[in-house]
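Q: So for the sequence shown, our numbering puts the first residue at 7; every next one is plus one.
Ideal placement from N, C-alpha and C gives every residue a C-beta, glycine not left out.
If you're wondering where the values come from, they're calculated on a predicted model, not measured in any experiment.
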Amino acid sequence: MLLLTAKHIIADFMLQNAWMAIGKDQKTGWALPLLAHCLVHLAVALALILVVAPRFWYVAFVDFVIHIIVDRCKGICASHFGVTLESGHPWFWTLIGVDQALHHLTGFALSIYMAAN
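1. Mind reading off the beta-carbon distance from K30 to H43? Whole number of angstroms is fine, and I expect it under 8 angstroms.
2. Distance check for D18 and A59, CA to CA, integer angstroms please.
3. Classify H86: buried if its beta carbon has 16 or more other beta carbons within 10 angstroms, exposed otherwise.
4. What do you reckon, are the CB atoms on L48 and F70 nearer than 9 angstroms?
5. Which residue marks the beginning of the alpha helix (DSSP H) containing A115, and which one marks its end?
Written out as structure tokens, the structure reads:
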């Protein structure tokens, strides 16, 4: 769990740039920023998992797919309802909180899977 939390902090905050963060929530042109962002998650997860538990290499790809789904759903909500920091929309922080909670629950579930196997 600590490993996947560290991965999330690195990929979601340290390695995500404005083009990814803003672009993935747009109505159009979201696919490339979203893919780039999620590929960063894949690369960091795969590197860390290969060092610690290489037989679970495929878990990085599961995390990748789930990350795309969660972030795209957030992007759809953000673009459909005009939820941006600049708009002052009351759902802005709620969307970020739900997004982060789902990512952490994903890490928790994947950690349980790896520990059980």
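A: Result, derived from the coordinates:
1. Right, their Cβ atoms sit about 6 angstroms apart.
2. Between A59 and D18, the C-alpha separation is close to 22 angstroms.
3. Exposed is the call here.
4. Yes.
5. DSSP places A115 in the uninterrupted alpha helix (DSSP H) bounded by F98 to A122.
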